[in-house]
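Residue numbering for the sequence shown is 78 to 365, as defined by our numbering.
Built from N, CA and C at the ideal position, the CB exists for glycine as well.
Worksheet: the structure to be examined is printed underneath.
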Amino acid sequence: MVTKKKVSKRVVKKVSKRVIAKDGKKVNLKIGVSKLGTSRRLNKKKPKHNIERVSTGIANLDNVIEGGFEKNSTNLLVGGSGNGKSIFATQFLIEGLKKGENVLYVSFEEKKKEFYINMSELGWDLEEAEKNGKFFFLSYTPEKIRTMLEEGGGDIETIVLTKKIKRIAIDSITAFVMLFDRDVEMREKTLALFSLLRSWTCTSLLIYERDPLIDKRESSRILEFEADSLILLYFTRIKKERERFLEVYKMRGTNHSTSIYSYKICQGTGINVSSRPYPGSLHRFQMK
Numbered sequence: 078m079v080t081k082k083k084v085s086k087r088v089v090k091k092v093s094k095r096v097i098a099k100d101g102k103k104v105n106l107k108i109g110v111s112k113l114g115t116s117r118r119l120n121k122k123k124p125k126h127n128i129e130r131v132s133t134g135i136a137n138l139d140n141v142i143e144g145g146f147e148k149n150s151t152n153l154l155v156g157g158s159g160n161g162k163s164i165f166a167t168q169f170l171i172e173g174l175k176k177g178e179n180v181l182y183v184s185f186e187e188k189k190k191e192f193y194i195n196m197s198e199l200g201w202d203l204e205e206a207e208k209n210g211k212f213f214f215l216s217y218t219p220e221k222i223r224t225m226l227e228e229g230g231g232d233i234e235t236i237v238l239t240k241k242i243k244r245i246a247i248d249s250i251t252a253f254v255m256l257f258d259r260d261v262e263m264r265e266k267t268l269a270l271f272s273l274l275r276s277w278t279c280t281s282l283l284i285y286e287r288d289p290l291i292d293k294r295e296s297s298r299i300l301e302f303e304a305d306s307l308i309l310l311y312f313t314r315i316k317k318e319r320e321r322f323l324e325v326y327k328m329r330g331t332n333h334s335t336s337i338y339s340y341k342i343c344q345g346t347g348i349n350v351s352s353r354p355y356p357g358s359l360h361r362f363q364m365k
């Protein structure tokens, strides 16, 4: 009968090696194995770290980004006029309302009454959500954002912290970056804004208006680099009609789809992304 002790000695003897020490003397170097099968346990792969996700609320989009935005991330939505950016952002907040979260919409351009009327046409009663103390709307100016960064906090931070906001949408950040004549100052203030948003530990979505097919401004490159994710919305002409398309250009920590998806804006549901990638060929652009 071969005992475990005898087997262990054989293993040690087998892996013993003779080496030459620096002083020229020969020594035995024994490499021991404490238990049989230890090497198999050491080679076992560690389980993949699970990232907590926040649903976008956009039909079929979560399926291509591993379940949604990373929780507490700062995300950038880029598109030209008429692509449904405000609808996308509102839909993202409504998903939070469905989960019992408090949400904040910061608008630089549209007034609250006008915004509520436009969204009611899609079947969303945000005024009622505001009365229930779940939805918060704040009209702001780009200048106030700059002051907020210089002084720290401001009205937005007060609402975020006191109301325990979990999701925030800013529509749009375009006017803010246009305040700065020098690229250096714009970069500095943009980084400060992103840093402030991350300190609030809520998931944020920033709208940036530009046509990703033709616009290559320096401001967009700074924003796109700093954001945790970048989603593009754009029109492309297919035969005699223009169609809307969505592309996840980047998303940190996410094995996202690199395909292009068509989408529609529908009454009652908002943006609906196709469950399958667009089968035809499109003019793809390069972001430089």
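{"query": "Determine the direct distance from the alpha carbon of L309 to that of I337, and round the result to whole angstroms.", "result": "10 angstroms"}
{"query": "So for I108, helix, strand or coil by DSSP?", "result": "No answer about I108 holds up, because its pLDDT of 37 lies below 50 and its placement is not dependable."}
{"query": "Measuring straight from C-alpha to C-alpha, what distance separates G157 and Y285?", "result": "9 angstroms"}
{"query": "Buried or exposed, going by whether 16 or more other CB atoms sit within 10 Å of the CB of S238?", "result": "It should be pointed out that residue 238 corresponds to Leu in this sequence rather than to Ser. It counts as exposed."}
{"query": "As a quick exercise: from L181, C343, R130, D232, pick the residue whose alpha carbon is nearest that of S197.", "result": "C343"}
{"query": "On the three-pair Cβ rule with 8 angstroms, is the region 197-213 touching the region 162-176?", "result": "yes"}
{"query": "Hey, how far is the Cα of G200 from the Cα of F271?", "result": "32 angstroms"}
{"query": "For M328, report the span of its beta strand (DSSP E) as first-last.", "result": "318-328"}
{"query": "List the endpoints of the continuous beta strand (DSSP E) containing I337.", "result": "337-343"}
{"query": "What residues in its chain sit with their C-beta under 8 angstroms from that of T115, if we drop five residues either side in the sequence?", "result": "Here T115 scores only 38 on pLDDT, less than 50, and its place in the model should not be relied on; the value that follows carries that caveat. Nothing listed; no residue qualifies."}
{"query": "Do you know how far the Cα of I164 is from the Cα of P356?", "result": "26 angstroms"}
{"query": "Apart from the five residues on each side of it in sequence, which residues of its chain come closer than 7 angstroms, Cβ to Cβ, to C279?", "result": "N149, V237, I242, K243, R244, I245"}
{"query": "Do T42 and L359 have their C-beta atoms closer together than 7 angstroms?", "result": "In the structure displayed, the chain extends from 78 to 365; residue 42 sits before or after that span and is not available."}
{"query": "Can you give me the C-alpha to C-alpha distance between E204 and E191, rounded to a whole angstrom?", "result": "11 angstroms"}
{"query": "Going residue by residue through the region 187-231, where are the continuous alpha helix (DSSP H) segments of at least 4 residues, counting only ones entirely within it?", "result": "189-197, 203-208, 219-228"}
{"query": "Can the beta-carbon of F146 be found closer than 7 angstroms to that of N152?", "result": "yes"}
{"query": "Determine the DSSP secondary structure at T346, reduced to helix, strand or coil.", "result": "coil"}
{"query": "By Cβ distance below 8 angstroms, which residues in the same chain neighbour N160 in space, the five residues on each side in sequence not counted?", "result": "L310, Y311, F312, R321"}
{"query": "Figure out for me which residue from L282, K327, E207 has the closest Cα to the Cα of T298.", "result": "Inspection of the sequence shows that residue 298 is occupied by Arg rather than by Thr. The residue with the shortest Cα to Cα distance from R298 is K327."}
{"query": "Taking the alpha-carbon positions, what's the L106 to G144 distance?", "result": "In this prediction, L106 scores a pLDDT of 39, lower than 50, which makes its location untrustworthy; no coordinate-derived value is stated."}
{"query": "What separation, rounded to the nearest whole angstrom, lies between the Cα atoms of E324 and R130?", "result": "19 angstroms"}
{"query": "Nearest to I247 by alpha carbon, out of E262, E227, L154, S296?", "result": "L154"}
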